[in-house]
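Okay, so here's the structure we're looking at.
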Amino acid sequence: MTPGGGSGPMKDCEYSQISTHSSSSPMESPHKKKKSVPKRKWEVFPGRNKFFCNGRIMMARQTGVFYLTLVLILVTSGLFFAFDCPYLSEKITPAIPAIGGILFFFVMGTLLRTSFSDPGVLPRATPDEAADLERQIGNTEDIANGCSSGGYRPPPRTKEVIINGQTVKLKYCFTCKIFRPPRASHCSLCDNCVERFDHHCPWVGNCVGKRNYRFFYMFILSLSFLTVFIFAFVITHVILRSQQTGFLNALKDSPASVLEAVVCFFSVWSIVGLSGFHTYLISSNQTTNEDIKGSWSNKRGKENYNPYSYGNIFTNCCAALCGPLSPSLIDRRGFIQPDTPQLAGPSNGITMYGATQSQSNMCDQDQCIQSTKFVLQAAATPLLQSEPSITSEELPLPGKTSLSGPCATLTLGQPTPPSSMPNLTSDSGLTDIIPLKEEHEGHQFLTPEEAPSPPGMLPSGSPMAHSRTMHVLSLASQDSLHEDSVRGLVKLSSV
Numbered sequence: 168m169t170p171g172g173g174s175g176p177m178k179d180c181e182y183s184q185i186s187t188h189s190s191s192s193p194m195e196s197p198h199k200k201k202k203s204v205p206k207r208k209w210e211v212f213p214g215r216n217k218f219f220c221n222g223r224i225m226m227a228r229q230t231g232v233f234y235l236t237l238v239l240i241l242v243t244s245g246l247f248f249a250f251d252c253p254y255l256s257e258k259i260t261p262a263i264p265a266i267g268g269i270l271f272f273f274v275m276g277t278l279l280r281t282s283f284s285d286p287g288v289l290p291r292a293t294p295d296e297a298a299d300l301e302r303q304i305g306n307t308e309d310i311a312n313g314c315s316s317g318g319y320r321p322p323p324r325t326k327e328v329i330i331n332g333q334t335v336k337l338k339y340c341f342t343c344k345i346f347r348p349p350r351a352s353h354c355s356l357c358d359n360c361v362e363r364f365d366h367h368c369p370w371v372g373n374c375v376g377k378r379n380y381r382f383f384y385m386f387i388l389s390l391s392f393l394t395v396f397i398f399a400f401v402i403t404h405v406i407l408r409s410q411q412t413g414f415l416n417a418l419k420d421s422p423a424s425v426l427e428a429v430v431c432f433f434s435v436w437s438i439v440g441l442s443g444f445h446t447y448l449i450s451s452n453q454t455t456n457e458d459i460k461g462s463w464s465n466k467r468g469k470e471n472y473n474p475y476s477y478g479n480i481f482t483n484c485c486a487a488l489c490g491p492l493s494p495s496l497i498d499r500r501g502f503i504q505p506d507t508p509q510l511a512g513p514s515n516g517i518t519m520y521g522a523t524q525s526q527s528n529m530c531d532q533d534q535c536i537q538s539t540k541f542v543l544q545a546a547a548t549p550l551l552q553s554e555p556s557i558t559s560e561e562l563p564l565p566g567k568t569s570l571s572g573p574c575a576t577l578t579l580g581q582p583t584p585p586s587s588m589p590n591l592t593s594d595s596g597l598t599d600i601i602p603l604k605e606e607h608e609g610h611q612f613l614t615p616e617e618a619p620s621p622p623g624m625l626p627s628g629s630p631m632a633h634s635r636t637m638h639v640l641s642l643a644s645q646d647s648l649h650e651d652s653v654r655g656l657v658k659l660s661s662v
C-alpha cells in the first residue's frame, strides 16, 4: 500500500516497475512489435550496380548499350533465319541453319553469362576493419620513425610484395578501405574494386574481371564466327538469286539480306579485331588494364617482365580459360545479421529497478532520483533505531519538526513509485509521507526520553550527548551522503 493512499493505476505502475519475480518480464512492451523481415545484402550493396531476380542477376547501372547489343544480335540473326535460311537450306544444305542456330545460342548464352554475373567484386572493409588497418599502419609508421605520437595520418598509398621475383605494388583504395590484391583495380563506373580487373565493357553492361573474363572472351570469339557466318551466307544468297533473276531483282526479292549485309560489314571488323587482341592477351597472360599501362614486357630477360606468365602460350590459355572458377566474395544473396545487444544480468534489486525504468521509459531521471532517495531513507531506518547516538533526543527548535518521530515509526517495505511521492528534501514532505506517533493508535512506541540508556552511556538530555548527536546526524552530512549514493545508483542504472 502506498503512503498517502495511492490510486489503483499507480499500484499497477508500482508492480510493473518494482516486481522482478513476476511471470512476465518487465522489459517486455505491452504492444509487441512486428517481426522485421531481414534484408539481403544486395539490397544495401554500396556499389553502383543493379540487381534482378532477388540478387541472382548483377549488372552495372549503365545498361543502355547492352540493350543495343541485344537488339543488334537478335534482329540480325532473326532476319537471317527468316529470309535467308529457307532458300539456303533448299539450294545448298540444311546444315546451314543448324550451324547458325548453334552459334546463335552460344553467343546469347555467353553474353548473358558475362552480363549477369559477378565479375569478381572485392568486399569493402567494415568500419572496424578499416579503423584497425589504419591503426596498424599508424603504429608501423611510428615505430619506423621512432615516435609515438597518436595523431591521425592517412595510410600510405602503396605496399610492395614480391611475386616470382618481381616487385608488385599494392595500392590502397580509399573508397573500399582495403589494399587491393595484385592485378585488381577500382572501376569508376561501378564503384567497386574488381579482382583481376580487365576493363569495363558497356556492350555487355558489366565489368570484365576474374570471374567472367572467360565468358567474355568466348562471347566475342563466337560472335566473330556468327558475324562472319551470316555475312558470308547472305552474300551467297544474293549471288544465287542474282544469277536467276538479276542483281536488282535479287535485292528486291530479299531486302532483309541487304540490311544484314550492312550490319555485318560494319561490325565484323571491330568484333574480329577485338577477338584477336584478347587472344594475344590470353596467350601472354595479361589484362587490358596492364597492357594499356605498359606494366609488363613479354620478354623474360627484361627488368619489367610479366610475373604472371607461365612462359608457355598453351599453359597461359589453359590457365585463363580452363582454370577453376573462383566463388563470389560478396555473398549478395546472404541475409544481413541484425546486431543483438548483450544485456548484463542485474547484481541487486536496485540495479534491476533502475535498468527496468530506463528500458521501459516509465519514469524520468528526476523521479528515479527521488525514488532512490526514498530507498536509502528506508534502508537507513534500522541504523537510526539501533545506534545509541542516533536515538538521542534532539533539542526542539522553533518552527522545525522533529525527525525522531518519523524515523522511529518508519517501517521497511517496497519503495513507492516516484510519481506517487513528493520531494523528500523538505522536512514537511517527510511529515506528510510518514505518519507521526500520535496517528498510530494501538501501537506503543518509546520516545528517546522513555528509552533506558545503556550502562556507561551519558543521559540523553545531557549537553555532551546532544553535541555528539548533532555532530553525527547533522542534516548536511545526511544530504551529502544521499547525494553521493544517488549519483552512484543513477550511474549503475544507466549502464
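Just add 167 to wherever you are in the sequence shown, counting from 1, and you've got my numbering. Note that beta-carbon positions come from the ideal geometry of N, C-alpha and C, so glycine has one too. From a predicted model like this one, the values you see are computed outputs, not experimental measurements.
- Taking Cβ positions, are G287 and K217 nearer each other than 8 Å? no
- Thinking just about the alpha-carbon of each residue, which of I269, G332, T236 is nearest to the one in V430? T236
- Query: Which parts of the stretch 324 to 409 are runs of the beta strand (DSSP E), unbroken and 3 residues or longer, counting only runs that do not cross its ends?
  - Reply: 325 to 330, 333 to 340, 352 to 354, 359 to 361, 366 to 368, 373 to 375
- Task: Would you list the residues sitting across from A227 in a DSSP beta bridge?
- Result: N216
- Item | Exposure label - F433; buried when at least 16 CB within 10 Å | exposed
- Query: CA-CA distance, Q333 and N471?
  - Reply: 8 Å
- Query: Going by beta carbon distance, what residues of the same chain come within less than 7 Å of Q453, once the five residues before and after it are set aside?
  - Reply: W463, N473
- Cutoff 6 Å; reference C374; Cβ partners in own chain excluding five residues on either side: P286, C354, C357, V361, H367
- Message: On a Cα-Cα basis, can you pick out the residue from F271, G214, K206 that is closest to F397?
- Response: In the sequence on display, residue 397 carries Ile and not Phe. Comparing Cα-Cα distances from I397 to each of F271, G214, K206, the minimum goes to F271.
- Shortest alpha-carbon distance to L492 belongs to which of N416, M385, R381? R381
- How is V288 classed by DSSP in three states: helix, strand or coil? strand
- Since V274 is in the alpha helix (DSSP H), which residue starts that stretch and which ends it? 262 to 282
- Message: Does S464 come out as helix, strand or coil in the three-state DSSP assignment?
- Response: strand
- Message: Please tell me whether I240 and F283 are closer than 8 Å, where the distance is taken between their beta carbons.
- Response: no
- Message: Rounded to the nearest angstrom, what separates T219 and D420 at their Cα positions?
- Response: Note on residue identity: the sequence assigns Phe, not Thr, to residue 219. F219 and D420: Cα-Cα distance of roughly 43 Å.
- Task: Pull up the distance between the alpha-carbon of I304 and that of R324, whole angstroms please.
- Result: 11 Å
- Query: Per DSSP, Y472 forms a beta bridge with which residues?
  - Reply: S464
- Please state whether DSSP places R500 in a helix, a strand or coil. coil
- Task: Go ahead and label L246 buried or exposed: buried means 16 or more other beta carbons lie within 10 angstroms of its beta carbon, across all protein chains shown.
- Result: buried
- If you run the structure through DSSP and keep just helix, strand and coil, what is W436? helix
- Between I449 and the rest of its own chain, which residues show a CB-CB distance below 6 Å, the 5 nearest in sequence each way excluded? C484, A487
- With burial defined as no fewer than 16 other Cβ atoms inside 10 Å of the residue's Cβ, what is the status of V274: buried or exposed? buried
- Item | Continuous alpha helix (DSSP H) stretch holding T454: start and end | Element bounds for T454: n/a, residue is neither H nor E.
- Quick one: Cα of G222 to Cα of V405, how far? 47 Å
- Smallest Cα separation from V425: which of E296, T403, H445? T403
- Cα-Cα separation, L415 to S409: 7 Å
- For the alpha helix (DSSP H) containing T482, list its first residue and its last residue. 480 to 488
- Per DSSP, cross-strand counterpart(s) of K207: Per the sequence presented here, residue 207 reads as Arg, with Lys not at that position. DSSP output for R207 lists F502 as bridge partner(s).
- Return yes when at least one heavy atom of the ligand HEM lies under 7 Å from the C-beta of G245, else no. The model on display carries no ligand, and the ligand HEM is accordingly not part of it.
- R144, buried or exposed, once every other Cβ within 10 Å from all chains shown has been counted against 16: This structure gives no information on residue 144, because the portion of the chain shown stretches from 168 to 662.
- Message: Using a Cβ-Cβ cutoff of less than 6 Å, which residues in the same chain neighbour A423 once the five nearest sequence positions on both sides are dropped?
- Response: L246, F250
- Message: Suppose contacts are defined by Cβ-Cβ distances below 8 Å. Is F502 in contact with V371 by that definition?
- Response: no
- Message: For a test of the three-state rule: what should DSSP assign to I459, helix, strand or coil?
- Response: helix
- Query: Run through DSSP, which three-state label would T412 get?
  - Reply: helix
- Task: State the Cα-Cα distance for the pair Y339 and V211, rounded to the nearest angstrom.
- Result: 23 Å
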